[in-house]
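Peer 1: I have a structure here, written as structure tokens, and I will follow up with some questions on it.
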Amino acid sequence: MNISRENTYHLSEEQITVNWQHFLEGGSDAFGRIIACYYNGLFQYGMKIHADSAFVEDCLQDMATTLWSKRQQLSRDVHVKGYLFKSLRHKMLRQLQTRKTQQQHLHLWLQGYQPPFNAEFSIESSIIDSDADSQRKQQLHACLQQLSHRQQEIIYLRYFQDLDHEQVAAIMKLSREATYNLLSATLKRLRSQWQLLPSAFSGWILFVLEKKI
Amino acid sequence: MNDQFHSIEDFWTDDSFLDWVLGKDPAAALRWEEWMSGNPQQVPLMKEARQLLLSVKVKEEVLHPLEIQASVNNILSQLPVAVPKPFWRNWRMAAAAAGLLLLGGGGWWLTHQPSTAYQAVSYAGFAEKVNTTSAQLRVAMKDGSTILLDPGAGIRYSTVWEHARTVYLTGKALFDVKPSAAPFIVNTGDIATTVLGTVFSVTATAAQQEVIVSVQHGKVAVKNNHATEVILLSNQEVSYEAGSNSLAKKLVPAPLTQVNVRHQEDFIFTETPVTTVFEKLAGVYAVQINYNPDALKSCTITANLNQEAFYDKLNLICRALGLSYRETDGQLFISGEGCNEK
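Those protein sequence lines, which keep their order, are chains A and B.
Position one of the first sequence corresponds to residue 1 (our numbering), numbered consecutively onward.
Position one of the second sequence corresponds to residue 1001 (our numbering), numbered consecutively onward.
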């Protein structure tokens, strides 16, 4: 599930740390490098929450301005990527919430409001797939499409944005435990709908097939 | 790493497994090699978990690096700034008042300048340099290019991108651009000038709403907001008025020689066919001169034209032979009866 595409503005973990320090001390160049490094990832994530590129860009701008203004209060030891994703999500939620309440003439911030999330998953097929393989992949695809917003989001953050458990928990404002439960419930759901054979048995079948090849 | 994996999701929730499959940690690959030799009976399940994980994709249109650069520049330019910005705050007004001149080539940098002669302001990912002295001022760029600022002139450029070569200019400046694969772009109001050749020289004037870009050496592309693009060669210029779409190309008023005229006798002609003279003019000034060689084949010139500027040379030749010329799209077209055989 990895998005292993070339990132022109990629920074190593050390570079991120150094640039983050510079940014906290008022270095706008360093800030620009950090934003550039994660811009594509943040943009893609934002588009899953609300598929309007102008809106996502506005929220990114807003997020950057806020971060810049409060840089003196930010921690040096923060996980930068996770923090940016969390900030963007928060900005988008606020904006979407404001829109919604304005439309409904309500002026309240609904606690625990969770944004929609729509990722378009697909399964890459391969010419060496056996019939069983491709059938299995189709089933997996169908399952992925049926996941709830939250389930899609956790799968996306964990497997496509390569964020660890702790980051995902912080971004989605869940406890570590709740995050773990959500992920494992999601995977269980995938498996149940997937109609897997008992895994030991399926492993044995694959093992036999592999021996034949 | 768990020792027991009973199902695919056991693998999918294992951090070490994800580090390996998602390629985050190169050392994880080694650990899993070891694991495989120790747990041969679980290898098929592990392989299936890995294969499935890798075959799931998400549909996304990845942003082009230049789009990202533009967006980040935009973000940076809108940040609230703590440092004063005496120049760029008023830079549009400054642009209206000042002419804009870019020149290139070696040997321009004869004037010594004290290094504190400019205001160097850095904010929101941009460096700004404004020449506050009454003499020209040299600014060295990271890529090796050099910019000579006239008094009152200023440049602004992004410091975020190591190799980006985009400069925002107002006032007059001479540019000596280092050859590189990355284009060198000079932005002036609505007009962007991109250097396409390696050795170049441009003259651009920004007065009120008008910008004139003129090339002395090399090749540049000039583009306005409506994305109309004109390619300019040596000794060609284009003028642009805000709000108009047209970029009309013509020859500069005073074309410069493009090659070293080393020998004094270069423009001394004795009974020289005029076609040879035109070829020489075209070659030395890199200007395209169109004529009918058959009509002009018996015309000759005897003159010393070493001191005259390009148009004076041309006028003298044409007057002597009863020819006329017109200029269209940056090229010259000669017309006339031709000469009688003697």
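The beta-carbon is built from N, C-alpha and C at its ideal position, and this holds for glycine as well.
Beta-carbon of H107 of chain A versus every beta-carbon of chain B: anything under 7 Å?
Peer 2: Here the question's residue 107 of chain A lines up with position 107 in the first sequence. With a pLDDT of only 45 at H107 of chain A, under the threshold of 50, the placement of this residue in the model should not be trusted, and no figure is reported.
Peer 1: Alpha carbon to alpha carbon, what distance is there between V1177 of chain B and D162 of chain A?
Peer 2: By one-based count along the first sequence, residue 162 of chain A stands at place 162. By one-based count along the second sequence, residue 1177 of chain B stands at place 177. Looking at the two C-alpha atoms, the distance is approximately 42 Å.
Peer 1: Out of B:D1010, B:K1223, B:L1314, which one is the CA nearest neighbour of V1274 of chain B?
Peer 2: Position 274 of the second sequence holds residue 1274 of chain B. Considering only alpha carbons, the answer is B:L1314.
Peer 1: Beta carbons nearer than 9 Å to chain A: which residues of the region 1071-1082 of chain B have them?
Peer 2: Cβ contacts with chain A come from S1071, V1072, N1073, N1074, I1075, L1076, Q1078, L1079, P1080, V1081, A1082.
Peer 1: Are the region 64-81 of chain A and the region 131-151 of chain A in contact at 8 Å, needing three or more beta carbon pairs?
Peer 2: As far as the Cβ criterion goes, the region 64-81 of chain A does not touch the region 131-151 of chain A, which means the pair count is below three.
Peer 1: Are the region 1271-1286 of chain B and the region 1301-1312 of chain B touching by the rule of at least three beta carbon pairs closer than 8 Å?
Peer 2: Yes: the two stretches touch, three or more of their Cβ pairs being nearer than 8 Å.
Peer 1: Of all the CB atoms in chain A, is at least one closer than 7 Å to the CB of K1142 of chain B?
Peer 2: Looking up residue 1142 of chain B in the second sequence gives position 142. No, K1142 of chain B lies away from the interface with chain A (no Cβ there is under 7 Å from its Cβ).
Peer 1: Between S122 of chain A and chain B, is the shortest Cβ-Cβ distance under 7 Å, so that the two count as touching?
Peer 2: As a position in the first sequence, residue 122 of chain A is number 122, starting the count at 1. By this cut-off, S122 of chain A is an interface position.
Peer 1: Label I1268 of chain B either buried or exposed according to how many other C-beta atoms from any shown protein chain fall within 10 Å of its C-beta, with 16 as the threshold for buried.
Peer 2: Walking along the second sequence from the start, residue 1268 of chain B turns up at place 268. Looking at its Cβ environment, which holds fewer than 16 other Cβ atoms inside 10 Å, I1268 of chain B is exposed.
Peer 1: Would you list the one or two residues that DSSP bridges to P1273 of chain B?
Peer 2: Numbered from 1 along the second sequence, position 273 holds the residue referred to as residue 1273 of chain B. The partner list for P1273 of chain B (beta bridge, DSSP) reads B:T1300.
Peer 1: By the 8 Å beta-carbon criterion, what residues does the region 1045-1056 of chain B contribute toward chain A?
Peer 2: Hits within the stretch, in order: L1045, K1047, E1048, L1052, L1053, L1054, S1055, V1056.
Peer 1: Taking only three categories from DSSP, how would you classify Q1041 of chain B?
Peer 2: As a position in the second sequence, residue 1041 of chain B is number 41, starting the count at 1. DSSP places Q1041 of chain B in helix when its eight states are reduced to three.
Peer 1: If we count the other Cβ atoms within 10 Å of its Cβ and call it buried at 16 or more, is N1090 of chain B buried or exposed?
Peer 2: In the second sequence, residue 1090 of chain B corresponds to position 90, counting from 1. Its pLDDT being 36, under 50, N1090 of chain B is placed unreliably in this model, and the value from its coordinates should be taken loosely. By the 10 Å Cβ count, N1090 of chain B comes out exposed.
Peer 1: With a threshold of 16 other CB atoms inside 10 Å of the CB of E1128 of chain B, please say whether the residue is buried or exposed.
Peer 2: The count along the second sequence starts at 1 and reaches residue 1128 of chain B at position 128. Classification of E1128 of chain B: buried, given that the 10 Å Cβ count is 16 or more.
Peer 1: Listed from N- to C-terminal order along the chain, which residues in the region 23-39 of chain A have their beta-carbon within a distance smaller than 8 Å of any beta-carbon of chain B?
Peer 2: Correct list: G26, S28, D29, F31, G32, R33, I35, A36, Y39.
Peer 1: So, are the CB atoms of K173 of chain A and N118 of chain A less than 7 Å apart?
Peer 2: For the purposes of this step, residue 173 of chain A is identified with residue 173 of the first sequence, where counting begins at 1. For the purposes of this step, residue 118 of chain A is identified with residue 118 of the first sequence, where counting begins at 1. Result no, Cβ atoms of K173 of chain A and N118 of chain A do not sit closer than 7 Å.
Peer 1: Hey, L1076 of chain B and G32 of chain A are a contact pair by Cβ (cut 8 Å); roughly how many whole angstroms apart?
Peer 2: Position 76 of the second sequence, counted from the start, is the residue given in the question as residue 1076 of chain B. Position 32 of the first sequence, counted from the start, is the residue given in the question as residue 32 of chain A. Sure, about 5 Å apart at Cβ, within 8 Å.
Peer 1: Measure from the alpha carbon of D29 of chain A to the alpha carbon of each residue in B:V1062, B:W1161, B:V1058, then state which is nearest.
Peer 2: Taking the first residue of the first sequence as position 1, residue 29 of chain A is located at position 29. Checked all of B:V1062, B:W1161, B:V1058; the closest Cα to D29 of chain A is B:W1161.
Peer 1: Is S1201 of chain B close to chain A? Criterion is C-beta to C-beta, closer than 7 Å.
Peer 2: Residue mapping note: residue 1201 of chain B aligns to position 201 of the second sequence, counting from 1. Low local confidence applies: a pLDDT of 46 at S1201 of chain B is under 50, so the model's placement there is unreliable, and no value is given.
Peer 1: How would you label Y45 of chain A, buried or exposed, when you count the other beta carbons within 10 angstroms and need 16 or more for buried?
Peer 2: Numbered from 1 along the first sequence, position 45 holds the residue referred to as residue 45 of chain A. Answer is buried; the Cβ neighbour count reaches 16.
Peer 1: In whole angstroms, what is the alpha-carbon distance linking S130 of chain A and L187 of chain A?
Peer 2: Taking the first sequence and counting its residues from 1, one reaches residue 130 of chain A at position 130. Taking the first sequence and counting its residues from 1, one reaches residue 187 of chain A at position 187. The straight-line gap from Cα to Cα measures roughly 24 Å.
Peer 1: What does S184 of chain A touch in chain B if you count any residue whose Cβ is under 8 Å from its own?
Peer 2: Locating residue 184 of chain A in the first sequence gives position 184, counting from the first residue. The answer, in chain order, is E1009, T1013.
Peer 1: Could you please give me the residues that DSSP links to K1249 of chain B through a beta bridge?
Peer 2: Mapped onto the second sequence, residue 1249 of chain B falls at position 249. K1249 of chain B is bridged to B:V1238.
Peer 1: Starting from the Cα of K1280 of chain B, find the closest Cα among B:A1029, B:L1054, B:N1306 and give me that residue.
Peer 2: Taking the first residue of the second sequence as position 1, residue 1280 of chain B is located at position 280. Of the candidates B:A1029, B:L1054, B:N1306, the one whose C-alpha sits nearest the C-alpha of K1280 of chain B is B:N1306.
Peer 1: Use the C-beta contact count for N1074 of chain B: other C-beta atoms within 10 angstroms, 16 or more gives buried, fewer gives exposed.
Peer 2: Locating residue 1074 of chain B in the second sequence gives position 74, where the first residue counts as 1. Burial call: exposed.
Peer 1: Using DSSP with H/G/I as helix, E/B as strand and the rest coil, what is Q1069 of chain B?
Peer 2: As a working mapping, residue 1069 of chain B is identified with position 69 in the second sequence. If DSSP states are grouped into helix, strand and coil, Q1069 of chain B belongs with the helices.
Peer 1: From D1143 of chain B to I1185 of chain B, what does the alpha carbon distance come to, in whole angstroms?
Peer 2: The count along the second sequence starts at 1 and reaches residue 1143 of chain B at position 143. The count along the second sequence starts at 1 and reaches residue 1185 of chain B at position 185. Computed Cα separation, rounded: 13 Å.
Peer 1: Using beta-carbon positions only, say whether I1289 of chain B and A1295 of chain B come within less than 7 Å of one another.
Peer 2: Mapped onto the second sequence, residue 1289 of chain B falls at position 289. Mapped onto the second sequence, residue 1295 of chain B falls at position 295. No. Outside cutoff.
Peer 1: Ends of the beta strand (DSSP E) at T65 of chain A?
Peer 2: Taking the first residue of the first sequence as 1, we reach residue 65 of chain A at position 65. Here T65 of chain A belongs to no beta strand (DSSP E); instead the alpha helix (DSSP H) covers 53-69.
Peer 1: Helix, strand or coil, according to DSSP, for S87 of chain A in the structure here?
Peer 2: The residue labelled residue 87 of chain A in the question sits at position 87 within the first sequence. Helix.
Peer 1: Go through its chain and collect everything with a Cβ distance to A36 of chain A's Cβ below 6 Å, but skip five positions before and after it.
Peer 2: Locating residue 36 of chain A in the first sequence gives position 36, counting from the first residue. Excluding sequence neighbours, A36 of chain A sits near Y9.
Peer 1: I need the DSSP call for L1314 of chain B, collapsed to helix, strand or coil.
Peer 2: Translated into the one-based positions of the second sequence, residue 1314 of chain B becomes position 314. In the structure shown, L1314 of chain B sits in a helix (DSSP, three-state: H, G or I).
Peer 1: Quick check: the Cα distance between W1020 of chain B and N181 of chain A, rounded to an integer number of angstroms?
Peer 2: Here residue 1020 of chain B corresponds to residue number 20 of the second sequence, with the count starting at 1. Here residue 181 of chain A corresponds to residue number 181 of the first sequence, with the count starting at 1. Using only the alpha carbons, I get a separation of about 23 Å.
Peer 1: Tell me, please, whether the region 1166-1180 of chain B touches the region 1137-1157 of chain B by the rule of three or more beta-carbon pairs shorter than 8 Å.
Peer 2: Yes: at least three Cβ pairs fall under 8 Å.
Peer 1: Report the residue from B:K1250, B:N1224, B:S1246 whose alpha carbon sits nearest the alpha carbon of S1214 of chain B.
Peer 2: Counting from one through the second sequence, the residue named residue 1214 of chain B turns up at place 214. Among B:K1250, B:N1224, B:S1246, the Cα nearest to that of S1214 of chain B is on B:K1250.
Peer 1: According to DSSP, which residues form a beta bridge with R1138 of chain B?
Peer 2: Sequence index remark: in the second sequence, residue 1138 of chain B carries index 138 (1-based). B:L1148, per the DSSP bridge assignment.
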